[in-house]
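In short: position in the sequence shown from 1, add 421, done, that's the numbering used here. To start, the structure under review is shown below, and the notes come after it.
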Amino acid sequence: MNLQATFTAFFAATLGLGTAACQTGGERVPATLTSPDEATLASVKEVLSDALGRARIRLGPEDLTASTSLSVLPPPLGPNETRSPAVPTHFDIVTNGSACFLVRQETGESYRLDGISCQPVP
């Protein structure tokens, strides 16, 4: 097998694994959460905590029943810091009609929100 064929096979296998992880069947459309109750917000924060690798998650000011995106605020400054270049991380809320997902805007990575209801935005 030549180098080009090897690269092509590797790329195809890698692409297949990446898309298989996020396949859910159905087109994804912008959505909003149906309820901003404490249990829902706790579940959203848990998914975001895993996605960002941080224990503490502070959500931005968005009304998640009206907004199709949310922001995660950067960690607070440490005791010896006066400013930080950190910026919020933004996620889109989407649905495929049967499940809700958060999609990280800067990377396109998708995270399923199990047990959370959302509705497509007309």
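For each residue, glycine too, the CB sits at the ideal point set by N, CA and C. The structure displayed is predicted, hence computed values, not measured ones.
May I have the straight-line CA-CA distance separating residue i from residue j, to the nearest angstrom?
i           : j           : result
residue 515 : residue 462 : 16 Å
residue 477 : residue 468 : 11 Å
residue 488 : residue 448 : 19 Å
residue 509 : residue 459 : 22 Å
residue 450 : residue 507 : 29 Å
Where does residue i fall in DSSP's three states?
i           : result
residue 461 : helix
residue 444 : Per-residue confidence for residue 444 stands at a pLDDT of 46, beneath the threshold of 50, marking its modelled position as unreliable; no derived number is given.
residue 450 : strand
residue 480 : strand
Which residue's Cα is closest to the Cα of residue i: the options?
i           : options       : result
residue 494 : 470, 486, 539 : 470
residue 464 : 542, 532, 526 : 532
What distance in whole Å lies between the Cβ atoms of residue j and residue i, which are believed to be in contact at a cut-off of 8 Å?
i           : j           : result
residue 491 : residue 522 : Not really, about 12 Å apart at Cβ, beyond 8 Å.
residue 380 : residue 480 : Examination of residue 380 is not possible in this model, given that the chain is present from 422 through 543 alone.
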